[in-house]
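Trainee:
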Amino acid sequence: MADPTVGTVTPLAQAEADVFDVSQRDVPMLRKHAVGLAGVLFLTVTGSAPISAMLFNTPLVVGFGNGLGAPAAFLFATVILTIFSVGYVAMSRKVTTAGGFYSYISHGLGRELGLGTGFGAVVAYSVFEASLCGGFAFFLNQKLSQIGTATGAGWLNGVQWPWLALIMVLVISLVTYFDIRISARILGFFLIGEILFLLIFDVAMIGRGLLNSTAFTFEALNPVKAFQGFGAAGTLAAGIPAIGLFFAFWSWVGFEMAPNYGEESRDPKRIVPMAMYISVVGLGIFYILTSWAPFAGYANLQAAITAAQTNAGQFYLGPAQQYIGLGVDQALSILIITGSFACGMAFHNTACRYFYSLGREQVLPSALGRTHPRWKSPHIASITQSVIAAAIVVVFALFAGRDNPTQQAYV
């Protein structure tokens with residue numbers, strides 16, 4: 092059980108886990124009952140960044156991993172992560188706090204292991220946010236250059252990527268300083284846009300595939316295909332399925348963040364488990380369909396694999412432009428920017444809640460564990476996370492350079 096005077100979570104001393112709810116302690120609290128199921132989903136699923144996961148990861152799974160078995164790889168990942176979620180959900184019903192993995196492991200296995208996990212999570216999420224600032228800067232730089240060329244506004248072509256990345260850090264810092272509901276609404280707006288775009292693509296391409304496509308086949312859903320890899324010549328290649336499976340699993344990064352919002356949800360014992368299962372299973376079904384759909388845009392399987400290997404950026408965009416049209420490339424160029432921003436904000440929110448939890452437990456300076464008197468946000472932890480993200484961007488720009496966004500911001 093927890094020591095209410097210090098806030099330290101010690102190992103369980105009995106066979107049956109006790110229920111731990113931080114709201115029962117006299118410590119600074121985040122805003123209670125702030126978000127419902129939709130809000131928690133918006134705050135976590137954006138961390139997986141569905142449009143980025145599909146457009147970046149699927150070509151790697153197809154071209155360098157499982158070939159036709161890409162949908163099966165996502166199917167396998169869905170099953171495994173659902174099994175993992177059973178235990179994770181069980182912990183969320185026992186422990187309600189913003190600390191996520193740190194609180195779970197501290198409560199179950201001891202504070203030392205919990206601290207290691209907590210600090211590891213802080214580092215990981217901080218680096219994730221900074222890296223997404225680089226991705227955002229790269230895509231926005233491309234878009235500004237495109238606008239500058241089209242309108243004659245030459246100054247848009249000269250905006251260096253570090254400034255764009257730092258603007259993202261600043262905007263995220265401002266938004267997350269206030270009520271969590273503001274973040275949830277912004278992320279929800281961006282997430283809905285991503286999903287609608289991909290759903291339109293899925294419906295159009297799967298419809299075409301069912302009518303007329305030799306590359307689009309139900310064999311892609313055979314679970315055995317998840318463990319088969321195809322090289323450029325269509326032959327089996329040893330070790331390659333592991334690459335495909337890795338990037339399939341990687342597409343769920345962020346779904347584990349739901350318990351970090353338990354304190355702020357209206358009914359954490361119900362909402363957090365539901366958000367977890369919807370994130371895993373819902374994204375799984377969505378990923379299976381969206382990784383299957385682009386095959387319908389190619390004459391045969393080998394053409395799809397070759398496209399994924401040689402021009403990954405056009406793996407989705409090529410079929411979309413050919414069979415959907417309607418300015419899909421322009422829509423995609425905007426959604427990639429907003430998706431990168433939303434994903435970065437999702438990781439920022441989670442990182443600052445780890446800082447907040449560690450500060451409240453007096454592991455880090457206690458100031459990090461304070462909440463804003465009006466907004467009940469972890470405002471000091473959020474500012475701290477923003478400073479760290481900005482520092483990473485600045486240091487990277489100093490050593491890598493500022494004039495080549497493709498090599499310095501994207502890669």
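Under my numbering, the letters of the sequence shown match residues 92 to 502, in that order. Backbone N, C-alpha and C fix where the C-beta goes; we use that ideal spot for every residue, glycine too. All values reported here derive from a predicted model rather than from experimental measurement.
1. Straight-line CA distance for L327 to G207?
2. Using a Cβ-Cβ cut-off of 6 Å (strictly less than) and excluding sequence neighbours within five positions of G160, which residues of its own chain qualify?
3. In whole angstroms, what separates the C-alpha of A212 from that of G300?
4. Grouping DSSP H, G and I as helix and E and B as strand, with all else coil, what is S304?
5. So is H124 buried or exposed if we call it buried at 16+ other beta carbons inside 10 Å?
6. Given A221, which residues of its chain have a CB within under 7 Å of its CB, disregarding the five upstream and five downstream residues?
7. What does the alpha-carbon distance come out to for the pair Q421 and Q412?
8. So Y352 and V177 are supposed to be a Cβ contact under 8 Å. How far apart are they, rounded?
9. Cα separation between L278 and N391?
10. Applying the 10 Å Cβ sphere with the 16-neighbour rule, what's the burial state of R451?
11. So, are the CB atoms of A472 and F446 less than 9 Å apart?
12. Quick one: is I376 buried, meaning 16 or more other Cβ sit within 10 Å of its Cβ, or exposed?
13. Can you round the beta-carbon distance between V379 and F292 to whole angstroms, since I take them to be within the 8 Å contact cut?
14. Could you check if N148 is buried or exposed, using at least 16 other CB atoms within 10 Å of its CB as the buried criterion?
15. E310 lies in the alpha helix (DSSP H); which residues open and close that run?
16. Considering Cα atoms alone, identify which of L459, S457 and T429 is closest to F281.
17. Can you have a look at I263 and say buried or exposed, based on whether 16 or more other CB atoms are within 10 angstroms of its CB?
18. Please work out which residues of its chain come closer than 6 Å, Cβ to Cβ, to P141, disregarding the five sequence neighbours upstream and downstream, and give them in chain order.
19. Identify, in the order they occur along the chain, each residue of the same chain with its Cβ nearer than 7 Å to the Cβ of I283, setting aside the five sequence neighbours on each side.
20. Can you have a look at A458 and say buried or exposed, based on whether 16 or more other CB atoms are within 10 angstroms of its CB?
21. Beta carbon of L235, beta carbon of V250: below 9 Å?
22. Under a Cβ-count criterion, where at least 16 other Cβ atoms within 10 Å of its own Cβ denotes burial, should P496 be classed as buried or exposed?
23. Return helix, strand or coil for Y218, following the three-state DSSP convention.
24. Name the residue from M182, L151 and S139 whose alpha carbon lies nearest to the alpha carbon of P359.
25. Would the beta-carbon of F165 fall within 9 Å of that of A333?
26. Return the chain-ordered ranges of every beta strand (DSSP E) run that is complete within the segment 410-493 and spans a minimum of 3 residues.
27. Counting only the same chain and skipping the five closest in sequence on each side, list residues whose C-beta sits under 7 Å from that of G460.
28. Out of V344, F307 and S370, which one is the CA nearest neighbour of W383?
29. For S143, tell me which candidate among G435, I427 and L489 has the shortest Cα-Cα distance.
30. Closest by CA to A189, which one among E354, T137 and A228?
Mentor: In short:
1. Your numbering for residue 327 matches position 236 in the sequence shown. Your numbering for residue 207 matches position 116 in the sequence shown. Because the pLDDT at L327 is just 46, under 50, the model does not fix this residue reliably, and the point stays unresolved.
2. Residue mapping note: residue 160 aligns to position 69 of the sequence shown, counting from 1. Excluding sequence neighbours, G160 sits near K316, A317 and Q319.
3. Mapped onto the sequence shown, residue 212 falls at position 121. Mapped onto the sequence shown, residue 300 falls at position 209. Whole-angstrom Cα-Cα distance: 42 Å.
4. Taking the first residue of the sequence shown as position 1, residue 304 is located at position 213. In the structure shown, S304 sits in coil (DSSP, three-state: anything other than H, G, I, E or B).
5. By one-based count along the sequence shown, residue 124 stands at place 33. Exposed, because fewer than 16 other Cβ atoms sit within 10 Å of the Cβ of H124.
6. Residue mapping note: residue 221 aligns to position 130 of the sequence shown, counting from 1. Closer than 7 Å at Cβ, skipping near neighbours: A480, I483 and V484.
7. For the purposes of this step, residue 421 is taken as the residue at position 330 of the sequence shown. For the purposes of this step, residue 412 is taken as the residue at position 321 of the sequence shown. Rounded to whole angstroms, Q421 to Q412 spans 10 Å at the Cα level.
8. Here residue 352 is taken as the residue at index 261 of the sequence shown, counted from 1. Here residue 177 is taken as the residue at index 86 of the sequence shown, counted from 1. Not confirmed; about 20 Å, so no contact.
9. As a working note, residue 278 is residue 187 in the sequence shown. As a working note, residue 391 is residue 300 in the sequence shown. Computed Cα separation, rounded: 38 Å.
10. Taking the first residue of the sequence shown as 1, we reach residue 451 at position 360. Buried is the call here.
11. Residue mapping note: residue 472 aligns to position 381 of the sequence shown, counting from 1. Residue mapping note: residue 446 aligns to position 355 of the sequence shown, counting from 1. For A472 and F446, yes; Cβs fall inside 9 Å.
12. Residue mapping note: residue 376 aligns to position 285 of the sequence shown, counting from 1. Exposed, because fewer than 16 other Cβ atoms sit within 10 Å of the Cβ of I376.
13. Counting from one through the sequence shown, the residue named residue 379 turns up at place 288. Counting from one through the sequence shown, the residue named residue 292 turns up at place 201. The sequence given here places Ile at residue 379; Val does not occur at that position. No, I379 and F292 are not in contact; Cβ-Cβ is about 14 Å, not under 8 Å.
14. Looking up residue 148 in the sequence shown gives position 57. It counts as buried.
15. Here the question's residue 310 lines up with position 219 in the sequence shown. Premise fails: E310 is in no alpha helix (DSSP H) and is neither H nor E.
16. Position 190 of the sequence shown holds residue 281. Considering only alpha carbons, the answer is T429.
17. Start at 1 with the first residue of the sequence shown, and residue 263 comes out as number 172. Result: buried.
18. Along the sequence shown, one-based indexing puts residue 141 at 50. The residues are E285.
19. The residue you call residue 283 lines up with position 192 of the sequence shown. None.
20. Translated into positions along the sequence shown, residue 458 becomes position 367. Per the 10 Å Cβ criterion, exposed.
21. The count along the sequence shown starts at 1 and reaches residue 235 at position 144. The count along the sequence shown starts at 1 and reaches residue 250 at position 159. For L235 and V250, yes; Cβs fall inside 9 Å.
22. Reading the sequence shown from its first residue, position 405 is the one you call residue 496. The residue in question, P496, is buried, as its Cβ has 16 or more Cβ neighbours within 10 Å.
23. Taking the sequence shown and counting its residues from 1, one reaches residue 218 at position 127. Correcting the residue type first, residue 218 is Val in the shown sequence and not Tyr. Of the three classes helix, strand and coil, the one that applies to V218 here is helix, per DSSP.
24. For the purposes of this step, residue 359 is taken as the residue at position 268 of the sequence shown. When only C-alpha atoms are compared, the closest one is M182.
25. Here residue 165 refers to the residue found at position 74 when the sequence shown is read from its first residue. Here residue 333 refers to the residue found at position 242 when the sequence shown is read from its first residue. Going by C-beta atoms, F165 is not nearer than 9 Å to A333.
26. none
27. One-based indexing of the sequence shown puts residue 460 at position 369. These residues qualify, in order along the chain: P119, Y447, G450 and R451.
28. Residue 383 sits at position 292 when you count from the first residue of the sequence shown. Nearest C-alpha to W383: F307.
29. Along the sequence shown, read from residue 1 onward, the residue named residue 143 stands at position 52. S143 has its Cα closest to that of I427, out of G435, I427 and L489.
30. Reading the sequence shown from its first residue, position 98 is the one you call residue 189. Cα-wise, what sits closest to A189 is E354.
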